[in-house]
Amino acid sequence: MISQEPILYTVDLKKYFGEVRAVDGVSFRISPGEVVALIGPNGAGKTTFVNVITGYFNPDAGKIYYQGKDITKASRTKKIRMGIARSFQLVNLYAELTALDNVRIAVLSRLGKTGIFWKPVERFDDVRNEALEILAAFGLEEKAEVPAKALPQGERKLLDVAVAFALRPRVLLLDEPTSGVSSKEKHTIMERIVSTVRNEKIATMIIEHDMDIVFGYSDRVVVMYDGKILAEGKPEEIKQSREVQEKLLGVTAGAP
Amino acid sequence: MTSHASRQVRNKIIGYLIFLLVLALIPLFTRIGLVTEFVQNLLMYSIIFAIAGLAFNILLGYSGLLSFGHAAYFAVGAYTVALAPQFIGNTSFEVLILLALVASAIVSMAFGYIAVRLTRIFFAIMTLALTQLVWALILKLYWYTGGSDGVNVRAKPLLGIPFNEFMSRPEYLNTVFYYYLLGIFAISLFIIWLIVNSPFGRALLATRENETRAEFVGIRVRLYRWYAFIISGVFTGLAGALFAVLNGHVTPEQADWIFSGDIVFVAVLGGFRFFEGPILGSIIFTFVRQYAMGYAIFWRLILGSVLIVLILAFPSGIMGALNSIANRIRAGSRVLPAATTPTPTAITDIKHHQDGGREK
Ligand SMILES: Nc1ncnc2c1ncn2[C@@H]1O[C@H](COP(=O)(O)OP(=O)(O)OP(=O)(O)O)[C@@H](O)[C@H]1O
Ligand SMILES: [Mg+2]
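Protein sequence lines, in the order shown, are assigned to chains A and B.
Here the first sequence is numbered in our numbering, starting from 9 and rising by one per residue.
Here the second sequence is numbered in our numbering, starting from 74 and rising by one per residue.
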């Protein structure tokens, strides 16, 4: 499956913040059904890379292609409509709203129904059921009526991913979906995410610091360092690379 | 869950119907002397401010935008009713209402277009500034608007029937106009309820709760805020139109920033996080103000103090206070829902300043 045409790729993508070369010429590709781990030390530019792909920032140079089309200049909302969704390093949820509503709003938006003002939202049984199914896929069905702010950290992380997932994306970019979660919970979360995205053949890029997770769940690992891609390959290859060991594993060995 | 939610909705609808029924009985109570005409009159003002408060709350409560300029749309509605007859003659009130809706829609489209580019305090200041424009215009165009003297507004035919020609003004206001007003209130209540509970209403909540996330599920935040602004402005204009006839007189006071503040107060006092908050707030506000006015020139001061005390005592509004009392009573028989468990803080998650997800 990895030999497939990439669904999304970037060519020499650059984003500078003044002197800081956060993303400095990244050429990256991802294919349908592939789970790619993006790793690198703090400040390597991983989040910025996601921000540029999703249109949060415009790149200073380079191109982004999606399904063969140049989408470098497309607006954020347009990219979402096309099927590129993301989650956030720090959870971005509707704190006061229930888990159900957090997901339901994404479903409504995907179906182009957020403009409907003449019918109560509870009357859209199909939307509600779909939202509940998505919550169930992430093990959150019991929490449907709980406000996001009252969920424990691990579940908020999952909900954040569930919201992105509700957009039925073809490319899913997850920024540290397990950060701030106990290592036992991490595996539960990753299993849920990976089984769900594999079922749907979603091209998924996961930014992650925990090497157990990285090597355990990804098909391919991309290492970023100082805004550039330092190495890239199968998990075993990356594990054995001296350069990566020195620059990255050495640095993060003691990290939480 | 579904049956629980639908039962809640049903109970609410029954509550509204009872409320409307009680209001519908008021003229009868007045006739038999249970309620004074004066109180009924105050109730009419309350109903009008309730419409404005509900409309305002589409922005504050549901979109998280504090408008300090709702007097503008109210005044545009009121002045349209007051001034249009000069040009189109003495028509039925519906025609004037329609014109008022169009006028307030145009003004709120224009003002909203500018204001939704901002949020928080900047939004509030912008709406305030734009309203002062309307206020100044009303004063400057005195040959049309009567300047600070304002314009008298006569009673209007309703539904094409010239009640105004065979009824005295008090009789007209306390009977036919009262029911007309109540009807419009019921319709507005229904429409605004529908809007805030619709998918569109959920999208507004999303923009209120988390702008970034809303955008990243594909909601066009500014556009939706603009829609909300226009809807809010139009219903406020409707309230202004009704006010013109009830009050019989419109003055620049209705465009004044103090009046904008009154609308804010109505919502905050009642509880802007509750759909019904502005209705309750409006009734209390109108009556408190009336009695405060008895104290001559200090009435603003007294009104302000009373309201500040009320807000301090009930930070989430009177609805919030009632709600927590109700919850406490219910908690006696049932375990509190998980929603009330304290939020765990994600200290472990805050490891970097640049999260790429959160603006500002
Ligand atoms: N909005 C911004 N303005 C200025 N500088 C920024 C901004 N966002 C990121 N940077 C800088 O760009 C560099 C890359 O940051 P980025 O957040 O992409 O790193 P990261 O790899 O995601 O790190 P972490 O693992 O800590 O999340 C850092 O030096 C950071 O300070
Ligand atoms: Mg990051």
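Even for Gly, the Cβ is constructed at its ideal location relative to N, Cα and C.
- If you draw a straight line from the Cα of Thr85/A to the Cα of Gln327/B, it comes to about 40 Å.
- DSSP places Gly241/A in the strand class (E or B) of the three-state scheme.
- Collapsing the DSSP output to three states places Ser117/A in a helix.
- Within the DSSP bridge table, the entry for Asp32/A names Lys22/A as partners.
- With distances taken between CA atoms, Arg228/A lies nearest to Ile214/A out of Ala107/A, Val99/A and Ile214/A.
- Look at Thr285/B here: in three-state DSSP terms it is helix.
- Here the alpha carbon of Ala123/B sits roughly 8 Å from the alpha carbon of Gly354/B.
- In this structure, the CA atom of Gly33/A is about 5 Å from the CA atom of Leu21/A.
- Not one heavy atom of ligand 2 sits closer than 7 Å to the Cβ of Gln81/B.
- In the DSSP secondary-structure assignment, Ile92/A is bridged to Val179/A.
- For the region 25-47 of chain A, there are no residues whose beta carbon sits under 7 Å from a beta carbon of chain B.
- Excluding its 5 nearest sequence neighbours in each direction, Ala151/B has C-beta neighbours in its own chain below 7 Å: Gly313, Ala314, Phe316, Ala317, Val323 and Gln327, listed in chain order.
- Relative to Gly185/B, the option among Leu172/B, Leu212/B and Met199/B whose CA is nearest is Met199/B.
- For the region 189-219 of chain A, no residue has a beta-carbon sitting nearer than 7 Å to a beta-carbon of chain B.
- Inside the region 40-97 of chain A, DSSP marks whole beta strand (DSSP E) runs of 3 or more residues at positions 43-47, 69-74 and 92-94, from first to last along the chain.
- Per DSSP, the unbroken beta strand (DSSP E) holding Val229/A starts and ends at Arg228 to Tyr233.
- Counting along the chain, no beta strand (DSSP E) covers Ala156/A, and no H or E run does either.
- Contact of Leu278/B with chain A by beta-carbon distance below 9 Å involves Tyr102, Glu104, Leu105, Asp109 and Ile113.
- Considering only beta carbons, no part of the region 223-251 of chain A lies closer than 8 Å to chain B.
- Under DSSP, no beta-bridge partner is assigned to Met198/A.
- When Val99/A, Arg89/A, Val205/A and Ile72/A are compared, the shortest CA-CA separation from Ala114/A is found for Arg89/A.
- Within chain B, not a single residue places a beta-carbon under 9 Å from that of Val179/A; the smallest gap is close to 13 Å.
- Around Gly306/B, the same chain offers Tyr146, Ser177 and Ser181 as residues with beta carbons nearer than 6 Å, after the five sequence neighbours per side are excluded.
- Not a single C-beta of chain A is nearer than 8 Å to the C-beta of Pro230/B.
- Non-local beta-carbon contacts of Glu130/A in its own chain, meaning distances under 8 Å to residues more than five positions away in sequence, involve Arg136 in chain order.
- If you draw a straight line from the Cα of Arg242/B to the Cα of Phe111/B, it comes to about 14 Å.
- The C-alpha of Ala386/B is placed about 10 Å away from the C-alpha of Leu380/B.
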